[in-house]
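Worksheet: one structure, shown below.
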Amino acid sequence: MKKKIYLFTIMLIFIACGGNNDDMLSPNPSNMTGDNTSGDNTSDDNTQDDNTSDDNTNSGWLIPFSQVKDGGPGKDGIPSINSPRFVKANDAGANFLEDTDLVIGIIKGGIVRAYPHLILDWHEIVNDSFNQDFVSINYCPLTGTAFGWKSVSNGEKSTFGVSGLLYNANLILYDRNTDSYWSQLKLQCVSGALIGDEPILERIVETNWGTWKALYPTTRVLSLDTGFKRNYDFYPYGDYKTNQGFFLFSVTPTNNELPNKERVYAIIDEHVSKVYQFGKFSGGKAIKELFNGKEYLVVGNENLINSFELNESQLNLNFEYDFTNSEVFFKDDEGNKWSVFGEAIEGPRTGEMLNASKAVVSYWFAIAAFYPNPERYIE
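Given below as structure tokens:
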């Protein structure tokens with residue numbers, strides 16, 4: 075085990091050290107053996123990622139400190155992108171993307187942008203600005219989870235960085251204002267001056283590049299001109315996405331109901347979650363769901379799912395999936411047509427916004443670890 079993790083640590087050092095002026099040596103995926111235990115028996119051998127402290131107390135952390143692991147490259151060893159550049163979807167500079175490549179999409183102040191996984195795999199955080207409205211797009215490659223957070227800490231503009239620490243294989247960010255530590259998938263500051271605070275979420279969607287372009291053909295996409303030399307056409311974690319038993323860090327608890335690395339859509343409410351499999355939305359579907367005492371609309375297809383918490387004036391509406399390669403994603407029986415972000419763009423409710431739910435696309439193992447025994451949507 076120690077040899078396997080040693081090789082992975084070497085790879086992370088390569089990721090960290092390919093700075094602005096140094097050529098990046100691509101890691102060899104054949105060296106990335108990781109922990110090939112089965113997902114239902116994830117290794118508890120902590121020699122691979124042991125903390126320097128054997129303190130079993132939480133020592134100022136909201137999560138078990140003994141389960142906070144050192145990922146290898148250190149603080150900012152995986153560098154965030156702080157001056158992002160963008161290109162138009164039809165520019166030659168966007169040709170590095172295939173229609174099947176996954177992206178994170180956002181619209182803010184009329185600005186439409188996409189952030190490809192294949193860049194986020196190497197940087198994890200993009201600190202961006204929309205007309206002086208600052209947003210952090212953060213993505214954890216090991217759990218497959220992405221969020222958009224307002225870049226604010228302690229009421230002031232801040233940026234976020236990669237702390238180099240993980241909890242349940244998931245990214246721990248730090249904010250550069252207060253040096254507080256934030257668990258991405260727990261959606262909470264877990265250590266530091268802002269302990270207990272929650273990030274302010276932005277509306278994002280995760281889908282493939284082809285679908286995003288069909289929704290928003292005027293989109294711009296994060297450029298390969300990041301200021302860092304990286305081999306962006308190379309996935310740095312070997313067969314991690316497809317090898318169901320490949321874990322780099324121990325995860326607890328585990329759950330065998332679905333394949334560990336299956337991408338699922340999960341609604342999170344308080345400390346519980348409900349999971350929707352993309353395959354169950356093949357061809358398009360809109361459903362109303364009662365979950366944890368709240369009424370939700372869940373709408374999507376095999377490539378994109380989004381959800382909204384309905385208010386009293388919306389409960390009697392009947393919704394229908396209606397995506398035909400335009401901005402309209404669903405409609406209702408009142409004559410309204412809605413965007414994927416829940417904005418009425420045609421009809422009597424034009425301009426109305428549905429309330430965004432707290433939700434994320436995640437590998438199954440991760441959502442089941444952070445929100446144990448999640449409900450599952452069954453047709």
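For the sequence shown, the residue numbers in my numbering are 75 to 453.
Backbone N, C-alpha and C fix where the C-beta goes; we use that ideal spot for every residue, glycine too.
Taking C-beta separations shorter than 6 Å and ignoring five residues to either side along the sequence, the partners of L428 in its chain run F382, G416, following chain order. Within the model, the alpha-carbon separation for S237 versus F160 is close to 26 Å. I278 sits in coil when the DSSP states are folded into three classes, being neither helix nor strand. Only exposed fits L389, as fewer than 16 other CB atoms lie within 10 angstroms of its CB. Secondary structure note for W223: its beta strand (DSSP E) is the uninterrupted segment 219 to 224.
S297 carries a coil assignment under DSSP once its states are collapsed to helix, strand and coil. Sequence-distant Cβ neighbours of K405 in its own chain, meaning closer than 6 Å and more than five residues away, are E394, D396, K411. The distance from the Cβ of I178 to that of I152 is about 17 Å, inconsistent with a contact at the 8 Å cut-off.
Under the three-state reduction of DSSP, S232 is assigned to coil, being neither helix nor strand. In the same chain as D175, and ignoring 5 residues on each side of it, the C-beta atoms closer than 8 Å to its own belong to P190, H191, L192, N282, W283, in chain order.
Here DSSP, grouped into helix, strand and coil, assigns G266 to coil.
L247 and E408 have their C-alpha atoms roughly 43 Å apart. The beta carbon of N242 is closer than 6 Å to those of V325, A443 in its chain, skipping five residues each way along the sequence. The three-state reading of DSSP puts E386 in helix, counting H, G and I together. Closest in C-alpha terms to E276, from the list N399, A220, K224, comes K224.
By the CB criterion at 8 Å, I441 and V338 fall inside the cutoff. A residue is called buried once 16 or more other Cβ atoms fall within 10 Å of its Cβ, and I180 is buried on that count. Within the same chain, D343, E383 come within 7 Å of K368 by CB-CB distance, once the 5 residues on both sides are set aside.
Ranking G222, N169, L391, G357 by CA distance to the CA of F208 puts G222 first. In the displayed model, A163 falls within coil according to three-state DSSP, outside both helix and strand.
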